[in-house]
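Anchor point for the sequence shown: position 57 equals 57 in full-length UniProt numbering, and the numbering is continuous, going up by one each time.
One structure is given here, and the rest of the page talks about it.
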Amino acid sequence: MNILNTFFNAIQSMNINMIKTLLRKFPNLANSKDKRGFSPLVFATYFDKKEIAETLLKHNANVNHQDAKGNTALLGVAFKGNVEIAELLLKNNANINMQNNQGYSALIFATLYNQEKMVEFLLNKNADFNLKDVEGKTALEHAKIKSFDAIITLLENKKSTCLQTI
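Here you go:
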């Protein structure tokens, strides 16, 4: 087994000691990619492994790395609704408005997957609710299509608040 496979297997199995040992010997592993183009940070956050994400970030993992589909770690946690890891990523300078190849931002992803707490969190962190995907739809338009009433309310309230401050 090669070092890259060993590293990604250690992430998947949460072998933090192996991860730290490999990162000490091979610091570039923090920004490597697996055969699907996933960075270790995208991989760790997708599986909700906060401790590993923290370790990778301490070893200079690129918080805004995009996989082959343009997804970042923040986009991955947005559709799953993991606010705790989203907070960690934003504290480490994740781009809250980065969009993937379909034009989905973290806010649009959270909306599409009906992640109400994530939508509220992202709006409180000033995610741009006017961003449009490749079909020209905003998060609010997606929420209306899917009849996600609680998210519609959150987005409309944010839009209303922003219009009042202009």
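Virtual Cβ for every residue (Gly too), placed ideally from N, Cα, C.
Note that this is a predicted model, so its numbers are computed, not measured.
When the distance is taken between beta carbons, is asparagine 64 closer than 8 Å to asparagine 97? No, they are not a contact pair.
Distance between beta carbons of lysine 49 and methionine 14, contact taken as under 8 Å: Contact flag correct, Cβ pair sits at about 6 Å.
Quick check on serine 39: does DSSP put it in helix, strand or coil? In the structure shown, serine 39 falls within a coil segment according to DSSP collapsed to helix, strand and coil.
In whole angstroms, give me the CA-to-CA distance for proline 40 and aspartate 67. Looking at the two C-alpha atoms, the distance is approximately 11 Å.
What would DSSP say about asparagine 60, mapped onto helix, strand or coil? Secondary structure at asparagine 60: coil, using DSSP grouped into helix, strand and coil.
Whole angstroms is fine: what's the gap from asparagine 82's alpha carbon to lysine 132's? In a straight line, the C-alpha of asparagine 82 is about 23 Å away from that of lysine 132.
If phenylalanine 129 and leucine 140 are in contact, beta carbons under 8 Å, what's the gap, nearest whole angstrom? Rounded to the nearest angstrom, the Cβ distance from phenylalanine 129 to leucine 140 is 7 Å, consistent with a contact under 8 Å.
Three-way DSSP call (helix, strand, coil) for glutamine 12 in this model: It is helical.
Neighbourhood of histidine 59 by C-beta distance below 7 Å, restricted to the same chain and skipping five residues each side: So the qualifying residues of the chain are Leu23, Pro27, Ala30.
Suppose the cutoff is 6 Å on Cβ atoms and the five residues either side in sequence are ignored; what does the same chain contact list for residue 185 look like? Because the chain is modelled from 1 through 166, residue 185 falls outside the range shown and cannot be assessed.
Going by DSSP in three states, valine 119 sits in which element: helix, strand or coil? Valine 119 falls in the helix class under three-state DSSP.
Backbone CA spacing between arginine 36 and leucine 4 [nearest angstrom]: The straight-line gap separating the alpha-carbon atoms of arginine 36 and leucine 4 is approximately 13 Å.
For alanine 86, collect the residues of the same chain with a Cβ closer than 7 Å to its Cβ; drop the 5 residues on either side in sequence, then sort them by chain order. Only Leu74, Val77, Ala78, Met118, Phe121 meet the Cβ criterion.
Lysine 33 versus Phe7, Ile16, Asn92, residue with shortest Cα-Cα distance: Across the set Phe7, Ile16, Asn92, the C-alpha of Phe7 shows the shortest separation from the C-alpha of lysine 33.
Kindly indicate which three-state DSSP category tyrosine 113 falls into: helix, strand or coil? When DSSP states are grouped into helix, strand and coil, tyrosine 113 belongs to the coil group.
Contact defined as beta carbons within less than 8 Å: I believe asparagine 92 pairs with glycine 70. What is the distance between those atoms, to the nearest angstrom? Incorrect: roughly 19 Å between the Cβ atoms, too far for contact.
Quick one: grab the DSSP three-state call for glutamate 135. It is coil, neither helix nor strand.
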